[in-house]
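Under numbering that gives the first Met the number 0, the first residue of the sequence shown is numbered 0, with each subsequent residue one higher.
Yeah, the Cβ is synthetic: ideal placement off N, Cα and C, and Gly gets one too.
Predicted model only: the values in this text are computed from it and were never measured.
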Amino acid sequence: MKIRDFGVEIWMNKYETRCELNLAETCVESLTVAELLEMAGRTDIEQQLLPLKLTYGEIEGSVRLRTLVADLYERQKLENIVITHGAIGANALVHQTLVEPGDRVISVLPTYQQHYSIPESFGADTQILKLTEKTGFLPDLEELQTLATPGTKLIAINNPNNPTGSLMDRAYLEKIVEIARACGAWILCDEVYRGTDQQGLTGMTASIADLYEKGISTGSMSKTYSLAGLRLGWIAAPSELIHSVSIHRDYNTISVGMLDDHFAAIALENKDKILERSHRITRTNLAILSQWVDAEPSISWIKPQSGTTALLKYDLPFSSEELCVRLLESTGVMLTPGSAMDMEGYLRIGYANSENILREGLNRISRFLRESIAPAA
Ligand SMILES: Cc1ncc(COP(=O)(O)O)c(C=O)c1O
């Protein structure tokens, strides 16, 4: 089956190991195993791990981990959770389970490309709901209403949104639920950045799984919890949907690694400390980025409310890829071109890497814009 190239992943694969300062990173700065264990106060890891027999483990994910994941939601129980290979595995499984040729699928754009390219590859009637500055990069509800014709199978949204950092609150999500309910659609909300809101003690916005009887939430340990190396995610959804997903999952996952499951459980048992660290990084760094944007004449934005990335609009006569490649070659700083996410004319910056990398990266971009780009422009 043919499928489009995954723009962002191709860009990352090509340059991520070659750059000096990675401002394309979307994870809150990743934790080392030692840092995780120290936060968790675990000094007995050897005793825990060495006797572990490395079987397939509990097939749907350990009860310990699934219970911890369920606790991230208001109304989810063990039977509503299945563990997957990252959020990427979770999203792929949901699309594979629900979408058939000819089905109407509505996906916001920009978003993680899975949400429109996978249904497109299945032969779905894939409709794009463009997020624009006019609505602060939130879905235009009137437009959604028009696209959501009777029998629509799935509405795919992303909250908080990558790359814009826009955030739908509970009331906004409830309006989307009303539209979905009227046409019978499932809502898949990719919530991989949930927990990184700029405001609030928990930094958590409402989850679609708690708001809608056909609401499906996907999440993972990668971004908010700084543990992408575990490759561990989940789906939270009505138990019947979890059952249908599990049928597909048997064909491509069996189970996730026992060690990944184990470390994810340790992390979620200590989630308050991890979230506190994530909030410190994302909130400090967004303030730094905000000052920088205010001082750069060729850059403008809608300031993010959540997440780890911002979409920067630039006023320069270059394609986003050309700008990013030139920036990388002359300064070692890596951004992501808007073209990699079907958003030409923009650049995505990830601001949740370490503060030093962000500060130095921004300095180098400023110099690049002043010395290399402005004279040519
Ligand atoms: C919106 C979104 N969904 C899913 C993923 C995949 O995350 P994971 O590492 O959990 O597979 C990403 C990664 O960039 C993402 O930005």
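Where does residue i land, buried or exposed, given buried means 16+ other C-beta within 10 angstroms?
| i | result |
| --- | --- |
| S299 | exposed |
| E190 | buried |
| N355 | exposed |
| D314 | exposed |
| K152 | buried |
| D259 | buried |
| H84 | buried |
| L288 | buried |
| Y162 | The sequence shown places Pro at residue 162, not Tyr. Burial call: buried. |
| L200 | exposed |
| L231 | buried |
| Q126 | buried |
| Y55 | exposed |
| M0 | exposed |
| G101 | exposed |
| T31 | exposed |
Kindly examine ligand 1 and report whether one of its heavy atoms sits closer than 6 angstroms to the Cβ of residue i.
| i | result |
| --- | --- |
| N12 | no |
| G85 | yes |
| S199 | Looking at the sequence itself, residue 199 is Gly, so the reference to Ser does not match. No. |
| A184 | no |
| A147 | no |
| S221 | yes |
| G232 | yes |
| V104 | no |
| V27 | no |
| Y211 | no |
| A236 | no |
| V81 | no |
| A339 | no |
| N362 | no |
| A227 | yes |
| P345 | Before going on, a small fix: residue 345 reads as Tyr here, not Pro. Incorrect: Y345 has no Cβ contact closer than 6 angstroms to ligand 1. |
| N161 | yes |
| D189 | yes |
| N157 | yes |
| Y224 | no |
| Y111 | yes |
Where does residue i fall in DSSP's three states?
| i | result |
| --- | --- |
| D4 | coil |
| D124 | strand |
| C188 | strand |
| A263 | helix |
| M38 | helix |
| P149 | coil |
| K312 | strand |
| A170 | helix |
| S225 | coil |
| G232 | strand |
| N161 | coil |
| L108 | strand |
| R103 | strand |
| R358 | helix |
| V255 | coil |
| Y211 | coil |
| A23 | coil |
| T54 | coil |
| A155 | strand |
| R347 | strand |
Roughly how many angstroms separate the alpha carbons of residue i and residue j, rounded to a whole number?
| i | j | result |
| --- | --- | --- |
| L67 | A263 | 9 angstroms |
| P159 | R3 | 25 angstroms |
| E343 | L285 | 23 angstroms |
| I280 | G150 | 43 angstroms |
| D271 | I301 | 29 angstroms |
| V292 | R65 | 41 angstroms |
| N12 | A227 | 15 angstroms |
| V104 | S206 | 20 angstroms |
| F5 | I156 | 18 angstroms |
| L143 | H278 | 32 angstroms |
| R74 | S116 | 31 angstroms |
| G135 | M167 | 10 angstroms |
| N90 | E370 | 43 angstroms |
Please tell me whether residue i and residue j are closer than 7 angstroms, where the distance is taken between their beta carbons.
| i | j | result |
| --- | --- | --- |
| F367 | L326 | yes |
| A208 | A235 | yes |
| L334 | L346 | yes |
| A86 | T217 | yes |
| G360 | C18 | no |
| I82 | A69 | no |
| A184 | I215 | no |
| V255 | T96 | no |
| G349 | L20 | no |
| P109 | M340 | yes |
| G164 | G337 | no |
| K222 | Y250 | no |
Against chain C, with Cβ distances strictly below 7 angstroms, would residue i count as a contact?
| i | result |
| --- | --- |
| A89 | Of the protein chains in this structure there is only one, and it is not chain C. |
Relative to ligand 3, is the shortest distance from any of its heavy atoms to the C-beta of residue i smaller than 6 angstroms?
| i | result |
| --- | --- |
| V32 | Ligands present in the displayed structure are limited to ligand 1, and ligand 3 is not among them. |
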